[in-house]
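Residue numbers (UniProt numbering): 1 to 407.
Data first, discussion second: the structure below is written as structure tokens.
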């Protein structure tokens with residue numbers, strides 16, 4: 001082969017290679033989930049589970065955290081947007097061109113201002129808000145108390161001045177998000193200090209918090225669309241009853257002392273591997289606060305004790321927003337407490353047809369929390385938040401209220 005033929009051959013080969021690269025299939029999008037490549041992200045569930053996904057996005061779990069915006073924040077930024085402290089400082093909720101802010105003023109002098117960055121809470125009871133500064137998250141001094149339609153001093157904050165320096169640890173994100181990017185963890189004296197990666201947050205409780213990492217599941221079913229059995233995915237119905245209870249108790253059993261981060265929890269894990277035993281809790285279930293102790297209250301209930309398979313899903317469909325649908329929950333009570341059976345309500349002053357429509361207000365009433373109280377503007381005493389107790393029993397005073405309503 002002559003030198004000229006050699007160069008022509010090399011040129012042609014190079015052109016073929018270059019053109020082949022141009023027409024190659026574009027590489028698939030790199031998985032950027034904070035949790036790692038084994039997670040697919042909730043958006044991938046839509047193609048096969050759209051009906052479930054569309055229903056789930058309306059639930060409190062899904063909306064328990066969100067980027068702060070006028071849509072996600074329930075409180076107003078005009079009109080009733082000022083909170084006054086006893087030291088004369090006012091905090092004003094301000095909508096500026098650059099974002100939403102809580103700004104503290106003494107007289108007309110600006111003392112401190114911080115942006116609403118994250119909304120914590122679905123907005124049914126109350127919302128608190130976080131701002132980002134120097135690789136850390138801080139809680140803003142004012143929350144929004146939905147039942148009172150009022151801005152309120154954040155729970156546990158001083159009533160005399162606005163406190164902007166309460167740092168928020170990853171444990172708070174453990175039950176209000178599905179992942180948070182932790183940059184560094186170290187000890188500062190006797191205190192554990194954490195720093196975070198900005199904007200690395202999976203908001204809300206997403207599908208993979210309860211069903212486990214889904215990347216292999218998604219890849220398999222995209223390659224085998226005819227396969228109807230869920231592969232490479234935790235099927236909650238196949239778990240033992242205590243494992244199913246532990247999934248909910250991870251976030252609904254109060255503030256325990258963690259052994260492992262809540263984000264490490266996978267469906268089927270034992271809750272006892274994640275929290276140290278709590279030897280300080282009251283011995284009587286009736287003494288437990290209604291806020292955050294749903295697991296302890298529920299498992300102390302006679303309904304639970306006398307059942308072998310009762311768990312949270314016996315009453316709750318976690319994929320649907322069923323808040324305030326008392327008739328729906330009451331129908332589930334009827335599975336064991338049928339009107340013609342010996343376990344039905346013994347109250348004789350109301351008909352069975354009336355009683356079976358609302359078991360909940362008598363046997364699981366809404367009670368004030370001793371743990372979470374909020375001070376609204378102009379109040380001298382904080383108002384307790386309220387929660388529906390999960391200790392299923394007879395509450396005579398609540399029964400009287402129900403009967404009075406009917407009279």
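Glycine included, C-beta positions come from ideal geometry on N, C-alpha and C.
Note that the structure is a prediction, hence the values are computed from the model and not measured.
Beta-bridge partners of residue i, as assigned by DSSP
| i | result |
| --- | --- |
| residue 114 | 102 |
| residue 374 | 383 |
| residue 62 | DSSP, once it has assigned bridges, lists no residue as partnering residue 62. |
| residue 167 | 138 |
| residue 91 | 83 and 104 |
| residue 290 | Paired residues: none, contrary to the question. |
| residue 120 | 65 and 128 |
| residue 366 | 388 |
| residue 211 | Beta-bridge pairing links residue 211 to no other residue. |
Reference residue i; option with closest CA among the options
| i | options | result |
| --- | --- | --- |
| residue 413 | 216, 332, 371 and 389 | One cannot answer for residue 413 here, as it falls past the ends of the chain, which runs 1 to 407. |
| residue 242 | 189, 229, 307 and 255 | 307 |
| residue 353 | 339, 218 and 284 | 339 |
| residue 249 | 297, 223 and 128 | 297 |
| residue 131 | 156, 103 and 267 | 103 |
| residue 222 | 51, 34, 402 and 44 | 44 |
| residue 254 | 60, 275 and 110 | 275 |
| residue 42 | 69, 138 and 206 | 206 |
| residue 100 | 89, 34, 129 and 108 | 129 |
| residue 440 | 325, 333 and 380 | No answer is possible for residue 440: it lies beyond the span of the chain, which begins at 1 and ends at 407. |
| residue 39 | 179, 288 and 92 | 179 |
| residue 181 | 189, 194 and 46 | 194 |
| residue 110 | 126, 89, 95 and 96 | 89 |
| residue 127 | 284, 350, 68 and 114 | 68 |
| residue 162 | 51, 105 and 95 | 105 |
| residue 139 | 157, 166 and 48 | 166 |
| residue 151 | 375, 157 and 402 | 375 |
| residue 398 | 347, 382, 63 and 370 | 347 |
| residue 266 | 62, 158 and 246 | 246 |
| residue 48 | 240, 147, 229 and 362 | 229 |
| residue 363 | 329, 351 and 224 | 329 |
| residue 32 | 64, 341, 75 and 200 | 200 |
| residue 317 | 50, 61 and 288 | 61 |
| residue 403 | 384, 361 and 133 | 361 |
| residue 240 | 288, 313, 185 and 300 | 313 |
| residue 146 | 383, 46 and 300 | 383 |
For residue i, three-class secondary structure by DSSP
| i | result |
| --- | --- |
| residue 181 | strand |
| residue 237 | helix |
| residue 191 | strand |
| residue 396 | helix |
| residue 406 | helix |
| residue 271 | helix |
| residue 391 | coil |
| residue 96 | strand |
| residue 10 | Caution is warranted here: a pLDDT of 45 is assigned to residue 10, below 50, making its placement in the model unreliable, and the coordinate value is therefore given only provisionally. Correct three-state label for residue 10: helix. |
| residue 243 | helix |
| residue 305 | helix |
| residue 143 | strand |
| residue 220 | helix |
| residue 259 | coil |
| residue 200 | strand |
| residue 343 | coil |
| residue 56 | helix |
| residue 26 | Residue placement at residue 26 cannot be trusted, given a pLDDT of 40 that sits under 50; what the coordinates show is reported in the next sentence. Coil. |
| residue 300 | coil |
| residue 21 | For residue 21, the predicted structure reports a pLDDT of 46, less than 50, and the residue's modelled location is therefore unreliable. A value from the coordinates is still provided. Residue 21: helix per DSSP, three-state reduction. |
| residue 51 | helix |
| residue 152 | strand |
Any C-beta of chain C under 8 angstroms from that of residue i
| i | result |
| --- | --- |
| residue 271 | Absent from the structure is chain C; it holds one protein chain and no more. |
Status (buried if at least 16 other CB within 10 Å, exposed otherwise) for residue i
| i | result |
| --- | --- |
| residue 83 | buried |
| residue 292 | buried |
| residue 409 | With the chain running from 1 to 407 in the structure shown, residue 409 is simply not present. |
| residue 380 | exposed |
| residue 35 | buried |
| residue 28 | Bear in mind that a pLDDT of 47 at residue 28, under 50, signals an unreliable position, so the number given afterwards is only what the model happens to contain. Answer is exposed; the Cβ neighbour count stays below 16. |
| residue 351 | exposed |
| residue 25 | Any reading at residue 25 needs caution, since the residue's pLDDT is 43, under 50, leaving its predicted position unreliable; the model's value is listed next. Under this definition residue 25 is an exposed residue. |
| residue 215 | buried |
| residue 78 | exposed |
| residue 396 | exposed |
| residue 290 | buried |
| residue 93 | buried |
| residue 342 | exposed |
| residue 387 | buried |
| residue 288 | buried |
| residue 413 | There is simply no residue 413 to check, as the chain begins at 1 and stops at 407 in what is shown. |
Point to revise | Any 3 or more C-beta pairs closer than 8 angstroms across the stretch 171-180 and the stretch 261-269 | key: yes
Point to revise | Contact between the stretch 313-331 and the stretch 52-61 (3+ Cβ pairs under 8 angstroms) | key: The stretch 313-331 vs the stretch 52-61: in contact.
Review point. If we count Cβ pairs, one from each stretch, closer than 8 angstroms, do we get three or more for the stretch 195-211 versus the stretch 230-250?
Key: yes
Review point. Hey, is the stretch 117-131 in contact with the stretch 356-364, meaning 3+ C-beta pairs nearer than 8 angstroms?
Key: no
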